[in-house]
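To keep things clear, I will list the structure first and then write my remarks on it.
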Amino acid sequence: PHVRLFAVRQLAAIGNPACRKMLLELLEHERDATVREAAAQAAEDLSPLRRLMGWWRFDEAGGGMAKDRTGHGNNGKVLGCKTVEGRIGRALEFDGKSYVELGRPANLPMADREFTVAAWVKAAADEGVVVARGGAFCGFSLYLKEGRPCFGIRRQQNRPAYIARADQQVAGRWVHLAGVVRTDRIELFVDGRLAASTNIPGLLLSDCGQGGWRSGSMPATARPS
Numbered sequence: 032p033h034v035r036l037f038a039v040r041q042l043a044a045i046g047n048p049a050c051r052k053m054l055l056e057l058l059e060h061e062r063d064a065t066v067r068e069a070a071a072q073a074a075e076d077l078s079p080l081r082r083l084m085g086w087w088r089f090d091e092a093g094g095g096m097a098k099d100r101t102g103h104g105n106n107g108k109v110l111g112c113k114t115v116e117g118r119i120g121r122a123l124e125f126d127g128k129s130y131v132e133l134g135r136p137a138n139l140p141m142a143d144r145e146f147t148v149a150a151w152v153k154a155a156a157d158e159g160v161v162v163a164r165g166g167a168f169c170g171f172s173l174y175l176k177e178g179r180p181c182f183g184i185r186r187q188q189n190r191p192a193y194i195a196r197a198d199q200q201v202a203g204r205w206v207h208l209a210g211v212v213r214t215d216r217i218e219l220f221v222d223g224r225l226a227a228s229t230n231i232p233g234l235l236l237s238d239c240g241q242g243g244w245r246s247g248s249m250p251a252t253a254r255p256s
């Protein structure tokens, strides 16, 4: 057990996500409780979920809460949504008035950093918001306009908004949308392919306190990816 425990600690110290597979294989056969506990903790620490700031599957069967599966505790409040069959498993259905509210959690910062927001969505209308934070002064929004995906940011009050607009129509089918904020541009991906980009003068300057994180506000079925 001592040798195996040392090996587990070495794999954990390396910190490479590729080591997680070896740890999971060890867990299948290991009987020593101390080694198993160390391997399980190391595998959890190397999980891809740890690299995410938030992940909501929207597959809860009620209860009014959208659980953050990363373990960071950024749970959302489900307001008026229905649980329905999704692309894989369950999803939430939005009617244009319902949404999931995350508030303004301190461990979901946006200021002065690159970040990505993404979701699987099947829109039943041509207009509406998929996920957003902020408001007229600053923030971001991943949304549909005239059936086409858009991703936009506003860096500060009384400054222009920067918007990346895709050409393809996506309403009525399941599609994966991702908005990326980089230091010098924003990018919009549709089903894993770059669909549009726009240059920006810099990152967001604040965490946009006038509006919290929100998913929904359009007739759609969705689950964040």
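Per this note's numbering, the sequence shown starts with residue 32, numbered consecutively.
Glycine included, each C-beta is placed from N, C-alpha and C at the ideal position.
In this text, all values refer to a predicted model and were calculated from it rather than measured experimentally.
Work out the CA separation of residue j and residue i for me, nearest whole Å.
i    : j    : result
L57  : V131 : 39 Å
I184 : A49  : 35 Å
R82  : R190 : 32 Å
A156 : A202 : 6 Å
R164 : A97  : 17 Å
F89  : P32  : 41 Å
M249 : R51  : The pLDDT assigned to M249 is 49, lower than 50, so where the model puts this residue is not dependable, and the model offers no usable value.
C267 : R62  : In this structure the chain extends from 32 to 256, so residue 267 is not present and cannot be described.
F125 : K176 : 17 Å
A70  : A195 : 44 Å
F220 : L55  : 33 Å
V115 : L123 : 6 Å
R40  : E75  : 13 Å
For residue i, which residues in the same chain have their Cβ closer than 6 Å to its Cβ, ignoring the five residues on either side in sequence?
i    : result
K108 : E132
A43  : A73
Grab the span of the beta strand (DSSP E) containing residue i for me, first residue to last.
i    : result
H60  : Looking at the DSSP string, H60 is not in any beta strand (DSSP E); the run it does join, the alpha helix (DSSP H), is C50 to H60.
C181 : R179 to R185
I231 : Segment: none, I231 is in no beta strand (DSSP E) and carries neither H nor E.
R196 : A192 to R196
D215 : Per DSSP, D215 belongs to no beta strand (DSSP E) and is neither H nor E.
Between the Cα of residue i and those of the options, spot the shortest distance and give me the residue it belongs to.
i    : options                   : result
G104 : W87, A167 and G120        : W87
Q72  : D99, A142, N230 and G46   : G46
R213 : L235, R35 and R67         : L235
R216 : I119, A70 and S228        : S228
G111 : G127, D99 and R100        : G127
V161 : C181, L139 and R118       : C181
G120 : T147, S129, Q188 and W151 : W151
P232 : R204, Q200 and R186       : R186
D198 : K153, M141, D99 and R179  : R179
N106 : G117, G85 and S78         : G85
S129 : L139, T147, G117 and K113 : K113
E158 : A142, T147, N138 and Q200 : Q200
S78  : A64, V66 and T101         : T101
How far does the alpha helix (DSSP H) with residue i in it reach, from first residue to last?
i   : result
T65 : A64 to D76
V39 : H33 to I45
By Cβ distance, which residues of its chain are closer than 8 Å to residue i, with the 5 residues on each side in sequence left out?
i    : result
D222 : V206 and H207
M53  : L42
E145 : V211, V212, R213, T214 and L234
Below 8 Å on the Cβ atoms is my guess for residue i versus residue j; work out the distance and round it to an integer in Å.
i    : j    : result
A167 : A209 : Not a contact, Cβ separation roughly 24 Å.
Between which residues of its own chain and residue i is the CB-CB distance below 7 Å, once the five residues before and five after are set aside?
i    : result
V34  : none
S172 : V160, A163 and G183
E218 : A195, V211, L225 and S228
With a cut-off of 8 Å, does the C-beta of residue i fall near any C-beta of chain D?
i    : result
I119 : The question asks about chain D, but that chain is absent: this structure has only one protein chain.
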